[in-house]
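Visitor: My structure is below; once you've seen it, I'll send some questions.
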Amino acid sequence: MSENWARQRTEAAREHAARLAARQDAEHARAEQLLADFVGRARAAGLEPEPLQVKGYGGRGTARTPLHGWYLRTDRTAAVAVDGSFYVLTAPLGLLDRVRGVRPAPSRPPLVLGAGGKDGDSIDLVDALERLLPGWQDDSA
């Protein structure tokens, strides 16, 4: 009997994990579409991208990157590049990183930046984009 119960629990856990992964994938896909739409509208509106930098953990310096785009958070720890890719711009930086620069890897964007952080540290992606380009979604259908 306990073997059957364990098998059922294992299957339920797999099903739960699959549903969670599907929900997260859908959220990332929606966020990716929002960023792609924003980049097109930002370019059309003449919103100039700026060089993006990575901040060291604990405020330990910055490092340049080959990327250009728009910072999504006022603390400059997340950005969208001109190609629509999302970047988290914090990393452990050594002296060589600060001198030579770094090439961060893109990651899948969330619908809420900073979710799970301290109160007041999170912002909806849509609100972050609206702050950069007010009314950018007004004529979208």
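Position in the sequence shown (from 1) plus 21 gives the number in our numbering.
For every residue, glycine included, the Cβ atom is placed at its ideal position computed from N, Cα and C.
1) Going by DSSP, what residue range makes up the alpha helix (DSSP H) through Trp26?
2) Given Arg119, which residues of its chain have a CB within under 8 Å of its CB, disregarding the five upstream and five downstream residues?
3) With a Cβ-Cβ cutoff of 8 Å, do Ala99 and Leu88 count as a contact?
4) Quick one: Cα of Arg64 to Cα of Arg94, how far?
5) CB Leu146 to CB Pro125, shorter than 8 Å?
6) Within 10 angstroms of the Cβ of Thr31, are there 16 or more other Cβ atoms? Answer buried if so, exposed if not.
7) For the alpha helix (DSSP H) containing Val147, list its first residue and its last residue.
8) Report the rounded CA-to-CA distance for Leu73 versus Asp159, giving the unit in angstroms.
9) Since Ser143 and Ala149 should fall inside the 8 Å C-beta cutoff, what is the C-beta to C-beta distance between them, to a whole number of angstroms?
Guide: Taking the coordinates as given:
1) Taking the first residue of the sequence shown as 1, we reach residue 26 at position 5. Per DSSP, Trp26 belongs to the alpha helix (DSSP H) from Ser23 to Ala66.
2) In the sequence shown, counting from the first residue as 1, residue 119 sits at position 98. Correct list, in chain order: Gly77, Gly82, Thr83 and Ala84.
3) Position 78 of the sequence shown holds residue 99. Position 67 of the sequence shown holds residue 88. Leu88 sits away from Ala99, with the two beta carbons spaced by 8 Å or more.
4) Translated into positions along the sequence shown, residue 64 becomes position 43. Translated into positions along the sequence shown, residue 94 becomes position 73. C-alpha separation (whole angstroms): 19 Å.
5) Numbered from its first residue, the sequence shown carries residue 146 at position 125. Numbered from its first residue, the sequence shown carries residue 125 at position 104. The answer is no: Cβ separation not under 8 Å.
6) Here residue 31 refers to the residue found at position 10 when the sequence shown is read from its first residue. Answer is exposed; the Cβ neighbour count stays below 16.
7) Against the sequence shown, residue 147 aligns to sequence position 126. Unbroken alpha helix (DSSP H) run through Val147: Leu146 to Leu153.
8) Against the sequence shown, residue 73 aligns to sequence position 52. Against the sequence shown, residue 159 aligns to sequence position 138. Spanning the two alpha carbons is a distance of roughly 27 Å.
9) Working through the sequence shown from its first residue, we reach residue 143 at position 122. Working through the sequence shown from its first residue, we reach residue 149 at position 128. Actually they do not touch by this definition, with Cβ atoms about 10 Å apart.
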